[in-house]
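Take a look at the structure set out below.
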Amino acid sequence: MFGKIFLAFVVIPIFDLYLLVKIGGEIGTLNTVMLVLLTAFIGASLARSQGMSTMQKVRENMDRGVMPAEEILDAVIIFAAGLVLLTPGFITDALGLLLLFPPTRGYFKRWLRVQIEQMKKNPNVHMTYQQTEFKAWTNQEQPSQRLDNVIDIEASETKSNEAKNDDKDTPIQ
């Protein structure tokens with residue numbers, strides 16, 4: 009997991025920055041900045057229009073009583089594409105455009121379905137809910153079987169000092 013996060017947040021941005029500097033050296037800084045802004049604008053527009061059409065399909069399926077599973081996967085991928093396209097860089101823009109185009113989005117949908125099926129077979133997060141208590145844990149930290157929120161008490165009835173002096177021979181009821 010750490011390797012994937014390291015790749016996403018360190019290695020890819022370094023390559024993206026390197027590519028931006030190289031292209032900036034070839035076509036000029038202003039042209040490179042304009043190209044990055046242009047790809048971000050076009051990508052955001054595409055993501056918005058495809059996201060709106062996907063949400064319309066979700067509404068239509070819900071109105072018909074059909075579960076919009078495919079459309080929800082499309083919406084997740086389009087949202088990820090929008091986020092990636094707003095990140096400056098040519099590598100991230102290429103990845104975002106690949107996520108946006110329906111023919112290539114199909115490959116990502118199949119990959120995402122496989123990942124979801126694997127998560128269902130080997131869940132990493134478990135949750136329980138009992139009355140007013142909610143617990144969540146991962147496979148690394150299993151919950152203990154003892155109940156930490158139970159307090160054992162013993163109760164006895166006593167009378168105040170004034171009442172004790174008045175009724176010494178009367179048993180407590």
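Throughout the sequence shown, residue numbering follows the working numbering, covering 9 to 181 in sequence.
Where a beta carbon is used, it is the ideal one built from N, C-alpha and C, also for glycine.
In angstroms with no decimal places, state the Cα-to-Cα distance between residue i and residue j.
i, j, result
"residue 116", "residue 82", "9 Å"
"residue 114", "residue 53", "20 Å"
"residue 15", "residue 22", "10 Å"
"residue 48", "residue 89", "11 Å"
"residue 38", "residue 46", "12 Å"
"residue 94", "residue 102", "12 Å"
"residue 67", "residue 127", "27 Å"
"residue 36", "residue 42", "10 Å"
"residue 119", "residue 162", "59 Å"
According to DSSP, is residue i helix, strand or coil?
i, result
"residue 21", "helix"
"residue 130", "coil"
"residue 16", "helix"
"residue 167", "coil"
"residue 116", "helix"
"residue 109", "coil"
From what residue to what residue does the alpha helix (DSSP H) around residue i run?
i, result
"residue 79", "77–94"
"residue 162", "From DSSP, residue 162 is part of no alpha helix (DSSP H); its letter is neither H nor E."
"residue 97", "No alpha helix (DSSP H) contains residue 97, which DSSP labels as neither H nor E."
"residue 65", "37–72"
Determine the closest residue to residue i out of the options, with distance taken between C-alpha atoms.
i, options, result
"residue 58", "105, 44 and 36", "105"
"residue 98", "30, 62 and 109", "30"
"residue 24", "92, 74, 109 and 66", "92"
"residue 121", "28, 26 and 79", "79"
"residue 100", "111, 10 and 28", "28"
"residue 60", "166, 87, 119 and 70", "87"
"residue 55", "71, 109, 76 and 164", "109"
CB residue i to CB residue j, shorter than 8 Å?
i, j, result
"residue 40", "residue 51", "no"
"residue 107", "residue 85", "yes"
"residue 18", "residue 96", "no"
Indicate, with yes or no, if the ligand GDP has a heavy atom lying under 7 Å from the CB of residue i.
i, result
"residue 103", "Among the components modelled here there is no ligand, and therefore nothing to report on the ligand GDP."
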